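Trainee: Would you mind keeping the following structure in view while I ask a few things?
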Amino acid sequence: MKRILRRLLVGLGIGLGVIVGSIGLTLAGWHLLDGAPSVPEAIPAVNTFDATRLLVLADADMAATAYADGLLYPMEGEQDALIVLSDLTADNPTRIQAEASNTVMGWPGATTVSADGTLAYVTAGRGMVDDIEQVSSVREGMPITRTLTTIDLVTGDVLSEVDVCVEPMSVDIASTGTWLLIACRDIDNELTIVPLIDGLPGDVRAFDLEVSSPPQRPDATPGATYSVIHPSGQAAGVILNDTAVTLARFELDANGIPISVVAETPELYTDRWLSVARWTRSGNHLLVADVAWGPRPTDAVLNGNGAILSLALSPEDEARGLISEATVSKSPEAFEMNRTGDLLAVVNMERTYLPGGPLSLVPARGASSLSLVGVDDATGILTTYGEPVGFRGVLPEDAVFDADGDQIAVVIYQDHDAPRSNGWLSFFDVDRSGVEPTLTLTDRQIDLPRGAHDLAIVD
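Quick note, the numbering used here runs 6 ahead of the 1-based positions in the sequence shown.
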């Protein structure tokens, strides 16, 4: 009997060893095939960041990893803020911090700047919960808000706070500087127009796009999740339910402000999970980021590489549909275009939004990355340049080029496995002397509050 038991125990031990070994090999293979780009050694910057001001939104209400586990890690005394940095070539830029409600629970695009660079407009679609350590889900636990805040960038004073719509998601300003376009998570009021009178919001105008196509995914968000004004000022590209794109055409009043909005139907369904958008300089193509997160909740862990899509959507051309696609790395939530319109900086969050514990074993959790994508303005064709460049940091949601396009600032929410740590800005040099442009991670950083997540620049 003892001999039989001994054999059984040996067999169980061997079996467990095989299982553990198989799991180890599987994880090792997963990391090898699906890991984040490596982080190079940072070097001193060759270029300076050329800008009059750099604006950073910081959401104090939750840790980055609360998306996954609901743990908010509140920080006593911290408030949502807009940080205004100037003297950016100095080692320690001048900063003004203004109280401004904002949220990371949306795509980057919650702030824009007046035509003269003196005012900022900040939307807030989610508010904070008081004295709560954990929620079952941040999407259900964080209250919906409706505000647009106007801030003086010279003094840091809050000049106005107005009600605009249910859960405003993005804000864009017309090239005339006379009105704002806001995307709203409301199926009966997808877009809001805010006339500006001496830079301050006037009476808001709400518009129902009357789009009827249902979301393709059960967890897709209703309403408009992003919108960006066409260079002509006559239309806008609008992302619906994170899954579809439409062109909204405007009828303008005598002051050049929309008084009616009509959306094209049927919408362009891309079968993607879409975040932010930018028009090419000519306005012939709408560029959209696909984070590749759907349709299942587990796809935020098992997601593959995302992409930037180039769509024919011009109001001046009847062509519609996908023109080009550039693969980048995982979770490219945001991208920005340089001033000449031929280069994109794409921020790949990888899987840094995952918390510790068992999820520490998931690859691409330990580093984020930045990609360069070329744009042919005439054709809309996209080209991915080189490999993504890794860098340290959790939930980097936004990036901006400086005025002359030779440096990129990337905003980082917090540090790894440190839910109450500060955020910061990292800087990359862009070298265009070769056949293809290249990126270099520099050692310059600017310390920010935890929750830094959205950028805007004043040239």
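Using N, Cα and C, we set each Cβ at its ideal position, and we do this for glycine too. The model shown is predicted, which means the values in this text are computed figures rather than measured ones.
Would you decide whether Ile452 is buried or exposed? Buried here means 16 or more other CB atoms lie within 10 Å of its CB.
Mentor: Buried, because 16 or more other Cβ atoms sit within 10 Å of the Cβ of Ile452.
Trainee: Enumerate in chain order the residues of its own chain whose CB-to-CB distance from Val141 is below 6 Å, with the five nearest sequence positions on each side excluded.
Mentor: Once the five neighbours on either side are set aside, the close Cβ partners of Val141 are Gly76, Gly147.
Trainee: Ala250: which of Arg278, Thr58, Arg59, Ser439 sits nearest, CA to CA?
Mentor: Residue Arg278 is the option with its Cα nearest to Ala250.
Trainee: Given a threshold of 16 other Cβ atoms within 10 Å of its Cβ, counted over all protein chains shown, does Ala415 qualify as buried or as exposed?
Mentor: Buried is the call here.
Trainee: Any idea which residues DSSP pairs Trp285 with across the strands?
Mentor: Partner(s): Leu292.
Trainee: Could you work out which residue in Leu445, Leu401, Glu331, Ile418 is closest to Ala351 when comparing CA atoms only?
Mentor: Out of Leu445, Leu401, Glu331, Ile418, Leu445 has the C-alpha closest to the C-alpha of Ala351.
Trainee: Tell me the residue span of the alpha helix (DSSP H) that contains Gly147.
Mentor: Segment 144-147, the alpha helix (DSSP H) holding Gly147.
Trainee: When you compare only the Cα positions, how much space is there between Gly347 and Ser377?
Mentor: Approximately 16 Å between the Cα atoms of the pair.
Trainee: Give me the residue from Ser143, Leu447, Pro455 with the minimum Cα distance to Glu47.
Mentor: For the residues Ser143, Leu447, Pro455, the minimum Cα distance to Glu47 belongs to Leu447.
Trainee: Can you give me the C-alpha to C-alpha distance between Pro272 and Val217, rounded to a whole angstrom?
Mentor: Each residue's Cα considered, the two are about 8 Å apart.
Trainee: With 16 as the cutoff for other CB atoms within 10 Å, does Thr32 come out buried or exposed?
Mentor: Confidence is the limiting factor: at Thr32 the pLDDT is only 48, short of 50, which leaves the residue's position unreliable, though a coordinate-based value still follows. By the neighbour-count rule (16 or more Cβ atoms within 10 Å), Thr32 is not buried but exposed.
Trainee: Would you kindly check if the distance between the Cβ of Leu63 and the Cβ of Val128 is under 8 Å?
Mentor: Result yes, Cβ atoms of Val128 and Leu63 sit closer than 8 Å.
Trainee: In this structure, how does DSSP classify Asp423 when only helix, strand and coil are distinguished?
Mentor: Coil, per DSSP.
Trainee: With 16 other CB atoms within 10 Å as the buried threshold, where does Pro50 fall?
Mentor: Under this definition Pro50 is an exposed residue.
Trainee: List the whole-angstrom C-beta distance separating His459 from Pro114, where the pair is believed to meet the contact cut-off of C-beta under 8 Å.
Mentor: Confirmed, Cβ separation roughly 7 Å.
Trainee: Between which two residues does the beta strand (DSSP E) containing Tyr73 stretch?
Mentor: Run containing Tyr73: none in the beta strand (DSSP E); it sits in the alpha helix (DSSP H), 72-75.
Trainee: Could you check the C-alpha separation between Gly30 and Gly239 for me, to the nearest Å?
Mentor: For Gly30, the predicted model reports a pLDDT of 48, less than 50, meaning its position is unreliable and no value from the coordinates is stated.
Trainee: Suppose only complete runs of 3+ residues qualify. What are the beta strand (DSSP E) ranges in the segment 94-166, listed by chain order?
Mentor: Those beta strand (DSSP E) runs which fall completely within the segment 94-166 and span 3+ residues are 100-105, 117-119, 125-132, 150-158.
Trainee: In terms of alpha-carbon separation, which member of Ala96, Leu88, Val210 lies closest to Ala106?
Mentor: For the residues Ala96, Leu88, Val210, the minimum Cα distance to Ala106 belongs to Leu88.
Trainee: Which of helix, strand or coil does DSSP assign to Leu33?
Mentor: Since pLDDT at Leu33 reaches only 44, below the 50 mark, its modelled position is unreliable, and the value read off the structure follows with that caveat. Here Leu33 sits in helix by DSSP.
Trainee: Could you check which residue in Asp465, Val441, Gly399, Ser330 has the C-alpha nearest to that of Ser44?
Mentor: The shortest Cα separation from Ser44 among Asp465, Val441, Gly399, Ser330 belongs to Gly399.
Trainee: Write down the C-beta distance between Glu319 and Arg326 rounded to the nearest angstrom, noting that I regard them as a contact closer than 8 Å.
Mentor: According to the sequence as given, residue 319 is Leu; it is not Glu. 7 Å between Cβ atoms; contact.
Trainee: Under the assumption that Thr333 contacts Thr390 (Cβ atoms under 8 Å), give the Cβ distance between them as a whole number of angstroms.
Mentor: Their Cβ separation, rounded to whole angstroms, is 6 Å, which keeps Thr333 and Thr390 in contact under 8 Å.
Trainee: Within its chain, find whatever has a CB closer than 7 Å to the CB of Gly112; leave out the 5 residues flanking it on each side and keep chain order.
Mentor: Closer than 7 Å at the Cβ level, and outside the excluded window around Gly112, lie Gly131, Met175.
Trainee: For Gly27, which residues of its own chain have a beta-carbon under 6 Å away from its beta-carbon, when the five flanking residues on both sides are left out?
Mentor: Summary for Gly27: the model assigns pLDDT 46, below 50, so the residue's position carries little reliability; its value from the coordinates is reported in the next sentence. Excluding sequence neighbours, Gly27 sits near nothing in its chain.
Trainee: DSSP on Pro272, reduced to helix/strand/coil?
Mentor: Three-state result, Pro272: coil.
Trainee: Helix, strand or coil for Asp277? Go by DSSP, reduced to three states.
Mentor: Correct three-state label for Asp277: coil.
Trainee: Going by DSSP, what residue range makes up the beta strand (DSSP E) through Leu447?
Mentor: From DSSP, the beta strand (DSSP E) with Leu447 extends over 444-454.
Trainee: Would you mind stating whether Gln413 and Asp449 have Cβ atoms separated by less than 8 Å?
Mentor: No.
Trainee: Compute the distance between the beta-carbons of Thr117 and Leu60, then report whether it is under 8 Å.
Mentor: Against a cut-off of 8 Å, the Cβ pair of Leu60 and Thr117 comes out as no contact.
Trainee: Are the CB atoms of Ala373 and Ala42 within a distance shorter than 8 Å?
Mentor: Against a cut-off of 8 Å, the Cβ pair of Ala373 and Ala42 comes out as a contact.
Trainee: What are the complete beta strand (DSSP E) segments, minimum 3 residues, inside the segment 351-425?
Mentor: Listed in chain order, the complete beta strand (DSSP E) runs (minimum 3 residues) inside the segment 351-425 are 374-381, 388-397, 404-407, 413-418.
Trainee: In chain order, what residues of the same chain have a beta carbon less than 7 Å from the beta carbon of Arg101, not counting five sequence neighbours either side?
Mentor: Around Arg101: Ile89, Val90, Leu91.
Trainee: Excluding five sequence neighbours on each side, which residues of the same chain lie with their C-beta closer than 6 Å to the C-beta of Val294?
Mentor: Cβ within range, chain order: Leu280, Ala283, Leu315.
Trainee: With Ala306 as the anchor, note down where its alpha helix (DSSP H) starts and where it stops.
Mentor: Element bounds for Ala306: 305-308.
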